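J.: This is the structure, below, for whatever I ask next.
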Ligand code: HEC
Ligand code: HEC
């Protein structure tokens, strides 16, 4: 064969490989995976902050860095209600539907309220998850050790990485000292979360291992309520008076769908709304952060979930919010006194 021929063939081979690689990368970039049928259960028990004995204003947990609109003569609840996104969303029509979630979406619903967009948390209260996740990659372990001047065999790196992988899954399921456990996440949901936090931590190739799931709408609501809203809101209890709100009480989840329409609820979560507090019932900006990264349909799913699975009806003896196994310390109520009582 003439050299020029060879060259041309080389170019072709390279091109075919490149295209093949591209097609494959696109195909495997985000796989849709079928979910096991995980039962939806009602939320119960005290808020995570009450469990820890902490006040809303003493912690970075559940804070998004954005606050609702300052109340003015222009901005009252009626106005907020009128400009609520999406108009009335038909609950019945949506209840039987599904919402497509990627690992990144699951991260927003489950983890972002504490660990922020970048996974770095708010140290020292909320540790960064970046290094523990990087420690699950044999490639990054070897690179790191080489940079430290102590190269490691591939086998040793794989062993270390596998230990870190188990520790990560254990951490997500069972939580930690100040982190709630997520025991009712099924294996596919955990897999999707792990794939996404790998991408967040810059683990090489992680973007090609992302997963998409079609979650029942009530399950999406369950994720948001149990992981994010339950940080501050107890499941059940009396509706606080305007004065008690002023003193720092947070209305329990069981009262929210009774006192708020779907639109008001979605608006409070996604763009914020003033609250009336104190003896004079004046309007205030309030203490609840705005969850600007939660989509209106996800907030609506939370409303639907609270309506269809009324809080506190699960297992009254289980003070945790997630379906907790006996040995699980996460999401379970300890003997600590409830600071807001
Ligand atoms: C209510 C707040 C909160 C939520 C929600 C939360 N975490 Fe955490 N996380 C913490 C705190 C606090 C720590 C520090 C360790 C401790 O006190 O338990 C932590 C630590 C971690 C660590 C270990 C860091 C280390 O130093 O080893 C990882 C990994 C982690 N979280 C992952 C996640 C993932 C993944 C999610 C979502 C499924 C999540 N967390 C949801 C509060 C939270
Ligand atoms: C950081 C703590 C915190 C988190 C997390 C939180 N809330 Fe709140 N929420 C509050 C406080 C405090 C109030 C009382 C009003 C205020 O100060 O804004 C409140 C009030 C509300 C109200 C209005 C109740 C009323 O009758 O006026 C709704 C609705 C609500 N929360 C829904 C949610 C939902 C849904 C989530 C989860 C996406 C959530 N909250 C997460 C602290 C929190």
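Residue numbers (my numbering): 2 to 342. Glycine included, every Cβ here is placed at the ideal spot set by N, Cα and C. It should be emphasised that the depicted structure is a prediction, and the values quoted were computed from it without experimental measurement.
Looking at residue 254 and residue 232, is the spacing between their C-beta atoms short of 9 Å?
T.: No; because the gap between Cβ atoms is not below 9 Å, this pair is not in contact.
J.: May I ask you to check if the CB of residue 133 is nearer than 8 Å to at least one heavy atom of ligand 1?
T.: Indeed, a heavy atom of ligand 1 lies less than 8 Å from the Cβ.
J.: For residue 51 and residue 235, what's the separation of their Cα atoms in angstroms?
T.: Approximately 8 Å between the Cα atoms of the pair.
J.: Checking 9 Å against the spacing of the C-beta atoms, do residue 228 and residue 110 come in under that value?
T.: Yes, the pair counts as a contact, with Cβ atoms nearer than the cut-off.
J.: With DSSP run on the structure shown, which of helix, strand or coil describes residue 196?
T.: In the structure shown, residue 196 sits in a helix (DSSP, three-state: H, G or I).
J.: From this set, 60, 32 and 135, which residue's C-alpha is nearest residue 127's C-alpha?
T.: Here the closest residue by C-alpha is 60.
J.: What did DSSP end up calling residue 271 once you bin it into helix, strand or coil?
T.: The answer is helix: DSSP assigns residue 271 an H, G or I state.
J.: How long is the line joining the alpha carbons of residue 296 and residue 162, rounded to whole angstroms?
T.: The alpha-carbon atoms of residue 296 and residue 162 are separated by roughly 35 Å.
J.: Starting from residue 159, follow the alpha helix (DSSP H) in both directions and report where the run begins and ends.
T.: Where residue 159 is concerned, the enclosing alpha helix (DSSP H) stretches over 155 to 175.
J.: Measuring alpha carbon to alpha carbon, tell me which residue in 308, 120, 116 and 53 is nearest residue 222.
T.: Among 308, 120, 116 and 53, the Cα nearest to that of residue 222 is on 308.
J.: Looking at the strands, I want to know which residues DSSP matches up with residue 215.
T.: Its beta-bridge partners are 101.
J.: Thinking C-beta only, is residue 204 closer than 9 Å to residue 121?
T.: Contact flag unset, no.
J.: Nearest CA to the CA of residue 294: which residue from 209, 281, 279 and 273?
T.: Taking only the C-alpha atoms, the option nearest residue 294 is 273.
J.: Does residue 134 come out as helix, strand or coil in the three-state DSSP assignment?
T.: In the structure shown, residue 134 sits in a helix (DSSP, three-state: H, G or I).
J.: Is residue 255 helix, strand or coil by DSSP?
T.: The answer is helix: DSSP assigns residue 255 an H, G or I state.
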